[in-house]
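Taking this note's numbering, the leading residue of the sequence shown gets 613, the next gets one more, and so forth.
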Amino acid sequence: MSAIIEQTIETYGIENWGADYFGVNRKGHLIVRAAEGDNLTADVKEIIDDLRKRGINTPVLLRFPQLLFGQIRKLQKSFRNSIKEFDYNGGHMCVYPMKVNQNRSVVEEYLREGKRYNFGLEAGSKAELYAALALEQAEDSLLVLNGFKDRDFIKLAFAGAKAGKNVVIVIEKLSELDHTLQLAEETVADNTKAKLPMIGVRVKLYSKGSGKWEKSGGEAAKFGLTTTEILEVIRRLTEAGRIDMLKLLHFHIGSQLTDIKRIKNAMKEAARTYAKIRQMQIPIEFLDVGGGMAVDYDGSRTSYESSANYNAQEFANDVIYVIKTVCDDEDVPHPTIIQESGRYLTAYHAILVTNVQDEIETVVEDLTPLALDEHDPQVVKELHDLRKNITAKNYREYYHDALEHREELFTMFNLGLISLEDRGKGEVLFWDVCEKADGFAQQKKYVAEEFDELRRLLCAKYLANFSVFRSMPDNWALEQLFPIIPIHKLNKKPTEYATLCDITCDSDGIVDKFVDLHDVKQVLELHNLEKDEPYYLAMMLVGAYQEVMGNNHNLFGVPHEAHIYIGEDGYIIKKVIQGATLSDALATVRFDSGQLHDQFRRNIMQKIKDGEVSTKEGNELIEYYESQAESYTYLSLNGSE
Ligand SMILES: *Cc1c(COP(=O)(O)O)cnc(C)c1O
């Protein structure tokens, strides 16, 4: 492999965060592997070119179900290994928390692979449950219900049990128990042989997780029963003669748990709680350890928010070892471990590819003749001097002088002392001094912080054809980092530093933090934009939460979507789903395009009547307006339709 390609792989950190699913081929294109380290690959640039020929332009979300399978297998294998290594007597099963990505294809593909290991589903709302009840699950897999539930929700759960699912109603509040017991009596009164749901309880642990979702755990957490509440559940169930329904103990201390030590502490506490309940002769079978397995988005393998200081095998080892040790100590059977990992399974499989539409000019370019003029005000003359005489020795001092002169320039302008031309000239000179100072600063081994700031000011701003709010909402809301990488030109050295602006009119619609092994990058190395040649970027690891939490800001709807399988003969585009049209986007805010067309037509008719528009023009206008209803909400590539 060429030295430049090796260098770009390092620049973008592919080998750090890519989990062996991604690489670069000899053409300098980003590739996706069918499985970790596999020889079967797909060339992402070729896929995008191919889709473009079919009229599917960027932004487009590429879904690679094989990466979802890969993650499922990795998780399953890790637990299988640990169970063997530690002589653990219980099993391991997952239930996929639908809220992480409820898209039908994601859930169905998950079940397709997951049924081989009895992996089931977790639903946190009535809508998710409603969908889950119709989906085909492995016979022995569970359907776990978390979240707050009213009687209707619980009634639907009973219907699910009758329909054959192994439903577990996790009690989050005591009122849920009352509804459950009542419905159990009603159900049995109708049919003594009816299959009933199982009951679980969510415990509020004293132990907390680490990372952004830390407050999901600990005493002040929103969910879970305290020790006395759990004892109350047991008492009421026993009294009602239904204690045999209690089968599962659940906890979940948050998402993206970055620190393995905290996870171990929570496991210890939960395992001890399980053991104590088990000793009360209550045959709980399942210990549900929740979700939270983190994705190493920045590849640093640390407890930093966008990372994780453990891998799947280390996670499994700790879970199995801790639970086994506690159970043996308390002399109770090993429970079957249920895991609700969502992020870890789905993050890798989706990639959003979009084009850089343009560059936004921020630094004032040299537009005016800059020869020094004897009529120039003193402040402009001084900036001129700075520009002329700045050197590697004085650049720091000169840069600070320039900052002062710029202040002075604005003050004088506001007082009406200098003209618009003077101000323009002063600004151009100021930015020239900055660029020179930056040039000198970057040659030094140690770049002072003030020049890092300057670099950020001077860097290019690339206008990327997507909405952060729609496609990477956690970057906006939580400063969660996602790897971003060009899908081509990776055999060429990136020569620009840039931040990204999205196409919403919101000043928050920017990406100015990028993954880095040791820190967070403020600017991303990218290539120069060439005229008439699209430049494509991939936002990686966006398969968890981003799609379903993305919003409609500025009415940028869901992007096009393509499902890709990687086989012996390269890739196959299995399915293309059209992204949102204007009429789709408007429908989300209850505008009906038919009605809009009527109103527009009425306006035009009036103009025709008033003689302001000819009949021909009017008809053309109407036709044109109506044709827009089916167009894509995003920008078209320059020069294309
Ligand atoms: C959100 C959630 C999960 C999923 O967490 P991940 O971090 O995506 O693995 C699991 N269980 C419960 C109860 C949740 O609320």
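The C-beta atom is built at its ideal place from N, Cα and C for all residues, glycine as well.
Grab me the residues of residue i's own chain with a C-beta within less than 6 Å of its C-beta, minus the 5 sequence neighbours each way, in chain order.
i            : result
residue 1055 : none
residue 860  : 780, 812, 898 and 900
residue 1276 : Residue numbering for the chain in the displayed model covers 613 to 1253; residue 1276 lies beyond these limits and cannot be assessed.
residue 690  : 924, 925 and 928
residue 875  : 869
residue 1134 : 1068
residue 1017 : 991, 994 and 995
residue 1209 : 1238
residue 884  : 938
residue 793  : 852
residue 820  : 826, 829 and 830
residue 880  : 934
Please list, in chain order, all residues of the same chain as residue i whose beta carbon is under 7 Å from its beta carbon, the five residues on each side excluded.
i            : result
residue 640  : 617, 1100, 1101, 1102, 1103 and 1104
residue 972  : 1073, 1075 and 1113
residue 866  : 821, 823, 825, 826, 828, 829 and 904
residue 1190 : 1172
residue 1182 : 654
Residues bridged to residue i by DSSP?
i            : result
residue 1234 : In the DSSP output, where bridge partners are listed per residue, residue 1234 has none listed.
residue 710  : Beta-bridge pairing links residue 710 to no other residue.
residue 1258 : Examination of residue 1258 is not possible in this model, given that the chain is present from 613 through 1253 alone.
residue 933  : Beta-bridge pairing links residue 933 to no other residue.
residue 812  : 782 and 860
residue 1098 : 1149
residue 1137 : 1109
residue 949  : 704 and 899
residue 905  : 869
residue 642  : 636
residue 653  : 645
residue 1175 : 675 and 1187
residue 850  : Residue 850 is not bridged to any residue.
residue 756  : 734 and 780
residue 967  : 1148
residue 1126 : 1133
residue 972  : 1073
residue 922  : In DSSP, residue 922 forms no bridge with anything.
residue 837  : 815
residue 1244 : 1193
residue 1182 : 1179
residue 962  : 675
Considering only residues of the same chain and omitting the five flanking positions on each side of residue i, which have a CB-CB separation below 8 Å?
i            : result
residue 1253 : Its pLDDT being 43, under 50, residue 1253 is placed unreliably in this model, and the coordinates cannot settle the point.
residue 629  : 908, 909, 910, 911, 1095, 1127, 1152 and 1153
residue 1193 : 1169, 1241, 1242, 1243, 1244 and 1245
residue 1106 : 620, 623, 1098, 1137, 1138 and 1139
residue 1004 : 1052 and 1055
residue 1224 : none
residue 1049 : 1002, 1007, 1008, 1010, 1011, 1014, 1063 and 1066
residue 921  : 870, 871, 872, 913, 914 and 915
residue 588  : With the chain represented from 613 up to 1253, any question about residue 588 goes unanswered, as that position is not in the structure.
residue 747  : 719, 720, 723 and 733
residue 637  : 643, 653 and 655
If contacts are defined as beta-carbon pairs under 8 Å, then residue i and residue j qualify, I think. What distance do you get, rounded to the angstrom?
i            : j            : result
residue 1113 : residue 1089 : With 8 Å as the limit, residue 1113 and residue 1089 do not qualify as a contact, their Cβ atoms being about 18 Å apart.
residue 736  : residue 759  : 4 Å
residue 814  : residue 835  : 6 Å
residue 613  : residue 948  : Wrong, their Cβ atoms sit about 46 Å apart, outside the cutoff.
residue 962  : residue 675  : 5 Å
residue 891  : residue 944  : 6 Å
residue 1234 : residue 1213 : 5 Å
residue 672  : residue 1174 : 6 Å
Between residue i and chain D, is there a C-beta pair that is closer than 7 Å?
i            : result
residue 1151 : Here chain D cannot be found, since the structure has a single protein chain.
Comparing the CB of residue i with every heavy atom of ligand 2, is any distance shorter than 6 Å?
i           : result
residue 710 : No copy of ligand 2 occurs in the structure displayed; its ligands are ligand 1 alone.
For the structure I just gave you, are there three or more beta carbon pairs, one from the segment 903-910 and one from the segment 1114-1125, closer than 8 Å? When Cβ pairs closer than 8 Å are counted between the two stretches, the segment 903-910 is seen not to touch the segment 1114-1125, the count staying below three.
Should the segment 917-932 be called in touch with the segment 642-650, which here means at least 3 C-beta pairs below 8 Å? Fewer than three Cβ pairs drawn from the segment 917-932 and the segment 642-650 lie within less than 8 Å of each other, which leaves the two stretches out of contact.
Counting Cβ pairs closer than 8 Å, one from the segment 712-725 and one from the segment 695-702, do we hit at least three? Verdict: no, contact absent.
When the Cβ atoms of the segment 1140-1148 are set against those of the segment 1063-1070, are three or more pairs found closer than 8 Å? Judged by Cβ distances under 8 Å, the segment 1140-1148 makes no contact with the segment 1063-1070, as fewer than three pairs qualify.
Any contact of the segment 827-844 with the segment 766-773, i.e. 3+ C-beta pairs under 8 Å? Contact annotation: the segment 827-844 does not touch the segment 766-773, with fewer than three C-beta pairs closer than 8 Å.
Counting beta carbon pairs with one atom in the segment 739-752 and one in the segment 788-802, are three or more of them shorter than 8 Å? The segment 788-802 vs the segment 739-752: no contact.
Any chance you could list the residues with Cβ under 7 Å from a heavy atom of ligand 1, keeping chain order? With the cut-off at 7 Å, the residues found are 709, 711, 712, 734, 736, 758, 864, 867, 868, 902, 903, 904, 905, 952, 953, 954, 955, 956 and 1156.
Is the segment 671-691 touching the segment 725-740, taking contact as three or more C-beta pairs under 8 Å? They touch, by the three-pair rule.
Three or more beta-carbon pairs under 8 Å between the segment 1196-1203 and the segment 1155-1172, yes or no? With the cut-off at 8 Å, the segment 1196-1203 and the segment 1155-1172 touch.
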